[in-house]
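Engineer: The sequence shown runs contiguously to residue 1389 in my numbering. For glycine and all other residues, C-beta sits at the position ideal for the given N, C-alpha and C.
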Amino acid sequence: MQNRLGIWILTVVVALLSIYYLSFTFVARSIRSDAEAFARGKDGVVDTKKKERYLDSLRREPVYLGSTYQDVTQRELGLGLDLQGGMHVVLEVAPTDIMKGLAGSNARNSQVTEALKKAVEAQKSSQSNFVDLFVTEFKRLAPSTSLAQIFANSTNRGKINSTSSDREVTAFLKTEVDGATSRAFQIIQQRVDKFGVANPNIQRLPGTGRILIELPGVDDPERVRRLLTGSAKLEFCEVYTLNEISPALNSLGAYLTQLDLEKKIATKGSAAADTSKASDLASKLATGAKTDTTKTDTTANQTGLASLFVPISQGELGVYAKDTARANEILARPEVKAMFPSDLIVMWNRKGVETLDKRNEIIGVYFIKKSGGKAPLEGDVIVDAGNDYDDRGRPEVTMRMNAEGARKWKNLTAANVGRQVAIILDGFVYTAPNVQNEIPNGNSSITGSFTVEETKDMSNVLKAGKLPAPTTIVEEAIVGATLGSESINAGIISSLVGLLVVLIFMVIYYNKAGMIADVALFINLFFLMGIMASLGAVLTLPGIAGIILTIGMAVDANVLVFERIKEELAAGKDLKLAISDGFKNSLSSILDSNVTTLLTGIILFFLGTGLILGFATTLVIGIVTSLFAALFVSRLLLEWWTAKGRKIEFYASWSQNLFKDADFDFVSRRRMYYIISSTIIGLGIISVIFKGFGLGVDFKGGRSYVVRFEKEVNTTEVREALTAPFEAAPEVKTFGGAGIGANQQVKITTSFLADATTPDSDKQAQAKLNEGLSKLGDNKATIQSSQKVGPTIAFDLIMTSLKSLLLAVLVVSAYIYLRFRRIAFVWGAIVALFHDVLIILAVFSMFNGLLPFSLDVDQAFVGAVLTIMGYSMNDTVVVFDRVREYLRDNRNKKESIPTIINNALNSTLSRTAVTGLSTMFVLIVLFFFGGEVIRGFSFAMLLGVIVGTYSSLFVATPIVVDSLTQAQAKEDSLPADPTKAAPARLISDFPDGVGELEAPQDDEQQEKPKKEKKAPLIKPSLKK
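(1) For Thr-1323, which option in Ala-981, Phe-1226, Lys-1168, Ser-1042 has the closest C-alpha, if you only look at C-alpha atoms?
(2) May I have the straight-line CA-CA distance separating Gly-908 from Gly-979, to the nearest angstrom?
(3) Could you check if Thr-961 is buried or exposed, using at least 16 other CB atoms within 10 Å of its CB as the buried criterion?
(4) Is there contact between the stretch 803 to 814 and the stretch 753 to 770, where contact requires at least three CB pairs shorter than 8 Å?
(5) Going by other Cβ atoms of all chains shown within 10 Å of its Cβ, with 16 needed for buried, is Val-817 buried or exposed?
(6) For Lys-1076, I'd like the list of residues in its chain whose CB is within less than 6 Å of its CB, leaving aside the five on either flank, ordered along the chain.
(7) Confirm, please, whether the CB-CB distance from Phe-892 to Ala-380 is below 9 Å.
(8) When we look at the beta-carbon of Pro-612 and count the other beta-carbons within 10 Å, is it buried (16 or more) or exposed?
(9) Could you tell me whether the Cβ atoms of Ser-991 and Ala-1089 are closer together than 9 Å?
(10) Return the Cβ separation of Ala-1093 and Ser-1116 in integer angstroms, given the expectation that the two are a contact with Cβ distance under 8 Å.
(11) Within this structure, are the beta carbons of Val-454 and Lys-465 separated by less than 9 Å?
(12) Work out the CA separation of Ala-400 and Ala-1207 for me, nearest whole Å.
(13) Using 8 Å as the threshold, is the stretch 861 to 872 in touch with the stretch 1279 to 1290, meaning 3 or more CB pairs across them?
(14) Write down the C-beta distance between Ser-1169 and Val-1222 rounded to the nearest angstrom, noting that I regard them as a contact closer than 8 Å.
(15) For Ala-981 versus Gly-911, is the C-beta spacing smaller than 9 Å?
(16) Tell me the DSSP secondary structure of Ala-1089 in three-state form.
(17) May I ask you to verify whether the stretch 945 to 963 touches the stretch 1227 to 1247, counting CB pairs closer than 8 Å and requiring at least 3?
(18) According to DSSP, which residues form a beta bridge with Asp-753?
(19) What's the call for Gly-589, buried or exposed, on a 16-neighbour Cβ count within 10 Å?
(20) Please classify Val-782 as buried or exposed, where buried requires at least 16 neighbouring CB atoms within 10 angstroms.
(21) Tell me the DSSP bridge mates of Val-1072?
(22) Where does Met-464 fall in DSSP's three states?
(23) Of the residues Pro-508, Asn-521, Glu-1096, which one's Cα is nearest the Cα of Leu-1060?
(24) Give every residue of the same chain whose Cβ lies closer than 6 Å to the Cβ of Met-1211, excluding the five residues on either side of it in the sequence, and list them in chain order.
(25) At which residues does the beta strand (DSSP E) containing Arg-575 begin and terminate?
(26) Taking Met-704 as part of the beta strand (DSSP E), name the residues at either end of that continuous run.
(27) Out of Ala-936, Leu-956, Val-604, which has the shortest C-alpha to C-alpha gap to Lys-1025?
(28) From Asn-521, Val-1032, Leu-430, pick the residue whose C-alpha is nearest to that of Ile-1262; which is it?
(29) What residue does the beta strand (DSSP E) around Glu-457 start on, and which one ends it?
(30) From the DSSP output, read off the bridge partner residues of Val-782.
(31) Using 10 angstroms around the beta-carbon of Arg-1073, count the other beta-carbons present and answer buried if the total reaches 16, otherwise exposed.
(32) According to the neighbour-count rule (16 or more other Cβ atoms, all chains shown, within 10 Å of its Cβ), is Ile-377 buried or exposed?
(33) By how many angstroms is the C-alpha of Asp-531 removed from the C-alpha of Ser-1316?
(34) Between the Cα of Met-823 and those of Phe-793, Ala-842, Val-839, Val-800, spot the shortest distance and give me the residue it belongs to.
(35) Under three-state DSSP, which class holds Glu-441?
(36) Quick check on the burial criterion: 16 or more other C-beta atoms within 10 angstroms. Buried or exposed for Asp-688?
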C-alpha cells in the first residue's frame, strides 16, 4: 500500500484528537457526579439547589486544561432529550398579529380580517409563505384595492407609500415578518441563556417562521411555556446613583458583616472595624474608586459589602458571576429590601465584564427606579429603530417614537439630564446611556463603545416593542427523567450486546482475520464518538441505532475485502499478493455501496429534524469512519501482521467451503418471485384502502402521552375513562419498557385541543387527562412524556417526508447511472427501491394493531424507510458491481445473459449472507433491548434488511436480466443492413464493459453471408 507512513500518521492524529475531545465528556460527567455526591443528604436524596450552587461556583473556574467548567460542558458529547429527559419545543411567530400591527387602524377592515382568517386555514395544508397566502385571499376578496391602501401608514413611513406597487408591498411584508421572527429568536435566545439549562439547542428552522428549542434536563414545562411564549417586555427606567443609596449600602455592609461573624467566616479584626471597612467601601463605590479586577478573587477573605460587590467603573458596581445566585438570594430577603427605597428594583446587565482571569468575570448591577412597580415608558411607543454611524464615525443606535411616546420621552429625558436611563428587556439591562439633553421630538440616538453587531442587536431589541409578535407552540415533546434514564440503559445494553454478537460472529466465521476486523471495528467506533464530540453532536436513542447500523455496515466492508482475498488465495496467489489484490478488487464495490447509503444519510441530515437528525448524524459520520477503518486501518493491521511472517486465516474450518461452487438458479424462476412480491404489495394496497395506517401524532397532529401506572391496566378501560373528558375516544396502546409490567404503561393519542394555540391549552388538555385517569380507582398514574403537534407542522412533516423519499430515489438513481452507464441497472434499482418501500408499508398496514408493539407511521418510520432504501441500494450495488465485472470478463465467451448474471449472483452469495446476517443480528438486539421508543423503528429496519436482501437477489437483478434481454430482442428485430458486416454482439464496448448481450452464432453462420457477398451467382444464359 502506498503512503503507508502517511496513513499511520493520520490514524494517530485522529486517535489523539478523539481522545482530546472525548476527555471533556468524562471530565464534565465526573464533576456532575461530584456535585451530586456533595448535594446528597443522609437519606440519599440529592438537593437540587445545592447541586446547582456547587456547579455555579465552578462555572468559571478552570477545571481541565485551562478550560472552565462552562467551556467543558460546551465541548462534551451531549445526550439528547430521549436519553436524559427534557423538553423539545417548536415555536411559531404568529404572522397574523404582525400583519395586523403593520396594517395599523386598517387591521379592523373586514376584508383584511377575512383574508387573514382564510390564510391561517390555508396554511394548514400548504407550504406557501403566509404573506403570499394572505395576498392571494385579499386580492380575491378586494380585487380593486391595492395593498398600499392598507399598509401605507405612518408606522411604515419611509419604507412604502401610497404609490407602492403590490409587489413592493408584498416584499416589504415578507421582510417585516421575517424580521419579527429574527427578533423573537434573539429574545428567546437571551431568555434561554438566562434559564440556566446546560447545553440548550436553539435554532431557526430554514424556510419557516419557526424556532426550535431543546432544553435537556428541564422538569418544569409550565415555566418553560411561560418563558417562551410571553411577550417581550421593553422598558425605559430611571437609575439610582450610588450616592443616592449610599446609606442603604452602608446598612447592607453592616448586615453582611454580621452574617460573616455569625458564620465564623470573618477575617481577623473586630466587628466594629469590619463595619468601618464596609462603610469605606460604600464611599469608594459612590465616588467611583476602582479595584483591580484582574487580580485573583479574594472576596472569600473579605467582609461586609466587599464580600458581595465589586466596583467596576465610576458610580457602577457589579458582582462576580459565580456569586450572582448568592447575591439574588440576599437582595431578595425582606430585611434587606427594607434598607432600600420602596421603588428600587435590582437588575443585572445582560452581559458580563471580561477580566484577564475568566474566573473573575463581573456582572454589572443596576438599581432601577420604578414607581408603583411600573416603568414610565414601555416599548409599545417605539415606531422604528435602526443602526447607523454618528458624525464621528462611531456605530450608534437610532430610534423613533410615536406622539405619545415622544411626550413621555421628553419629560423623562428632561428630568434626567446628566443621569442614566436604563433600556430593559425582559428584566435585563441592555444599556444605560447618559442623557445629554432633553429630547423633545421622540427621535433619539444612543452612542457608546459599541460594535456594529451590538448596535444591530440593540436596534432589534428596540424594534421588539414595535410589533406585537407573540409566539405559539406548534410542536412540543416532554420526556421525563425516568423514561430518559431507562432509554440510556436500553441504549447501552443494546449497543454492547449488538457489538458483542458481531465481534463473536466475525471471529467464528473468519478466524484470525475476524480478530483484525474486530480491532478495526473498535477503532471505527472510537473515531465515530470522537468526531461526534468534536462537532458538538448530540447522542440520541436513534443515534445509538445509527451506531449499531454502522457496526453492521463496517462489517460489510470487511466482508467484501475478506471474500475477495479468499478468491485470490483460491486462485493460487501468495498471501501478500492476495491481500493487495483483494483490497484493490473490492474497492469499487465498497465505495459504490457506501456512497449510496451516504447519499441517503445526507438527505436525512438536511431534511430530518429531532430524532431523525440524530440518526442521520451518526449514520453519515459512521459511514465515513467505517470506510477509513476498513480500507486503511484493516489493511495496515493485515500487512503489519503478515510482515512479521505470521500466518493468518480468512476462514474457519466449517466456513471454508460453505458457499464454494454455489449454483443456485436465481434467474429462471424470476416470474415466480415477481408474483410473490406483487401479491404482498396487492394485499397491502387493499389493507391501506380499507384499514389505512396507524398514523403517529407527527403526521395527523394532536397530543400523545406516555402514562405509567402502579398496577396493570386494561387499555379498553383507559379508553373508556378518557372518552368523555376528551370528547372523543382516544387511541390507547400498550407501551412497554424495561423493568415494568407489560400492561403498566400505555401511550394515549388524542386530537383534543389539537388546533388550540392559547397558552393555557396544554394545561386544559392535561387536566382532562388527569380527570379521566382518576376514574381508574387507586391505580396511580404518572405522565412519563408528552407530545403535541399542530396541524400545520403535521402537514409540513408529511410533505417533507415525501420530498425526502423522492429525492433519495432521484439522487441514488443518478449515481447508479453515472457508475454503470446503463439504464437497465437504474431501472432495476428503482423497481427494487419501490418494491422494498411498498412491502414495508404493506406490513405496517396489515399488521397494525395485531403485533404487541406500535406500528405507527411517524418521523421515525420515515427515517427507517430512507435508511432501508440506502441499505437496499448498498446490497443491490454490490451485486450489480459483480454483474458488471462478469459481463466484462465474459466479453468473448459464449454465455447467455441469464447464465452470466446467475454466476455473478452465486459469486456474491457468501458476502450477501454474511452481511445480511451480521446486520440482522444487531437489529434483532436493537429490537429486543433498544426500548419501546424505537421498537417500531427497529422492526422496520429489521424487516427492511430482510426485504432488501431479497430484492437484491430476486427483484433488482432479474429486472436487469429482463431489460437487457428485451434490448437484445429489439435489436434482433431490426432489419439487417447489407452494407455492414454483422457486429460482434456478445458485449458492446460500453464504459466499464457493460453492454447488450445476445446468443452468439456459430462460425458457419457468421461466414456464410460473407461468402455469398464475395461470390454472387451468374446465370449461364447471360454468358451467351
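Structural biologist: Per the coordinate set shown:
(1) Locating residue 1323 in the sequence shown gives position 958, counting from the first residue. Note that residue 1323 is Pro in the sequence shown, not Thr. Answer by Cα proximity: Ser-1042.
(2) Locating residue 908 in the sequence shown gives position 543, where the first residue counts as 1. Locating residue 979 in the sequence shown gives position 614, where the first residue counts as 1. Going from the Cα of Gly-908 to the Cα of Gly-979 covers about 5 Å.
(3) Residue mapping note: residue 961 aligns to position 596 of the sequence shown, counting from 1. Counting other Cβ atoms within 10 Å of its Cβ, Thr-961 reaches 16 or more and is therefore classed as buried.
(4) Touching, yes, given that three or more Cβ pairs across the two stretches are closer than 8 Å.
(5) Position 452 of the sequence shown, counted from the first residue, corresponds to residue 817. Val-817 should be labelled exposed.
(6) The residue labelled residue 1076 in the question sits at position 711 within the sequence shown. Hits under 6 Å: Asn-1144.
(7) As a working note, residue 380 is residue 15 in the sequence shown. As a working note, residue 892 is residue 527 in the sequence shown. Contact: yes.
(8) Position 247 of the sequence shown, counting from 1, holds the residue named residue 612. Around the beta-carbon of Pro-612, fewer than 16 other beta-carbon atoms lie within 10 Å, marking it exposed.
(9) Start at 1 with the first residue of the sequence shown, and residue 991 comes out as number 626. Start at 1 with the first residue of the sequence shown, and residue 1089 comes out as number 724. Between Ser-991 and Ala-1089, the gap from beta carbon to beta carbon reaches 9 Å or more.
(10) What you label residue 1093 is simply residue 728 of the sequence shown in a count that begins at 1. What you label residue 1116 is simply residue 751 of the sequence shown in a count that begins at 1. Cβ atoms of Ala-1093 and Ser-1116 come within 8 Å of each other, at about 7 Å.
(11) Position 89 of the sequence shown holds residue 454. Position 100 of the sequence shown holds residue 465. The answer is no: Cβ separation not under 9 Å.
(12) Here residue 1207 refers to the residue found at position 842 when the sequence shown is read from its first residue. Here residue 400 refers to the residue found at position 35 when the sequence shown is read from its first residue. If you draw a straight line from the Cα of Ala-1207 to the Cα of Ala-400, it is about 52 Å long.
(13) Verdict: yes, contact present.
(14) On the sequence shown, position 804 is the one that residue 1169 refers to. On the sequence shown, position 857 is the one that residue 1222 refers to. Cβ-Cβ separation between Ser-1169 and Val-1222: approximately 14 Å, too far for a contact (criterion under 8 Å).
(15) If you number the sequence shown from 1, residue 981 lands on position 616. If you number the sequence shown from 1, residue 911 lands on position 546. Cβ distance < 9 Å, so Ala-981 and Gly-911 count as in contact.
(16) Counting from one through the sequence shown, the residue named residue 1089 turns up at place 724. If DSSP states are grouped into helix, strand and coil, Ala-1089 belongs with the helices.
(17) In short, these stretches touch, since the Cβ pair count reaches three.
(18) Along the sequence shown, one-based indexing puts residue 753 at 388. Glu-761, per the DSSP bridge assignment.
(19) The residue labelled residue 589 in the question sits at position 224 within the sequence shown. The question names Gly, but residue 589 is Val in the sequence shown. Val-589 is buried by the Cβ-count criterion.
(20) Taking the first residue of the sequence shown as position 1, residue 782 is located at position 417. An exposed status is given to Val-782, since fewer than 16 other beta-carbon atoms sit within 10 Å of its beta-carbon.
(21) The residue given as residue 1072 occupies position 707 in the sequence shown. Val-1111, Ile-1148.
(22) Taking the sequence shown and counting its residues from 1, one reaches residue 464 at position 99. In the structure shown, Met-464 sits in a helix (DSSP, three-state: H, G or I).
(23) Locating residue 1060 in the sequence shown gives position 695, where the first residue counts as 1. Among Pro-508, Asn-521, Glu-1096, the Cα nearest to that of Leu-1060 is on Glu-1096.
(24) Start at 1 with the first residue of the sequence shown, and residue 1211 comes out as number 846. Correct list, in chain order: Ser-1052.
(25) Locating residue 575 in the sequence shown gives position 210, counting from the first residue. The continuous beta strand (DSSP E) containing Arg-575 extends over residues 575 to 581.
(26) Numbered from its first residue, the sequence shown carries residue 704 at position 339. For Met-704, there is no enclosing beta strand (DSSP E), as DSSP marks it with neither H nor E.
(27) In the sequence shown, counting from the first residue as 1, residue 1025 sits at position 660. Of the listed residues, the one whose Cα sits closest to Lys-1025 is Ala-936.
(28) Counted from its first residue, the sequence shown places residue 1262 at position 897. Considering only alpha carbons, the answer is Val-1032.
(29) As a working note, residue 457 is residue 92 in the sequence shown. Per DSSP, Glu-457 belongs to the beta strand (DSSP E) from 451 to 458.
(30) The residue you call residue 782 lines up with position 417 of the sequence shown. DSSP, once it has assigned bridges, lists Val-800 as partnering Val-782.
(31) As a first step, residue 1073 must be located in the sequence shown, where it is residue number 708. The residue is buried, with at least 16 neighbouring Cβ atoms inside 10 Å.
(32) Locating residue 377 in the sequence shown gives position 12, where the first residue counts as 1. The question names Ile, but residue 377 in the sequence shown is Val. Its Cβ having fewer than 16 others within 10 Å, Val-377 is exposed.
(33) To locate residue 1316, count along the sequence shown from 1; it is residue 951. To locate residue 531, count along the sequence shown from 1; it is residue 166. The straight-line gap from Cα to Cα measures roughly 55 Å.
(34) The residue given as residue 823 occupies position 458 in the sequence shown. Per the Cα distances, Phe-793.
(35) Locating residue 441 in the sequence shown gives position 76, counting from the first residue. Here DSSP, grouped into helix, strand and coil, assigns Glu-441 to coil.
(36) In the sequence shown, counting from the first residue as 1, residue 688 sits at position 323. Burial call: buried.
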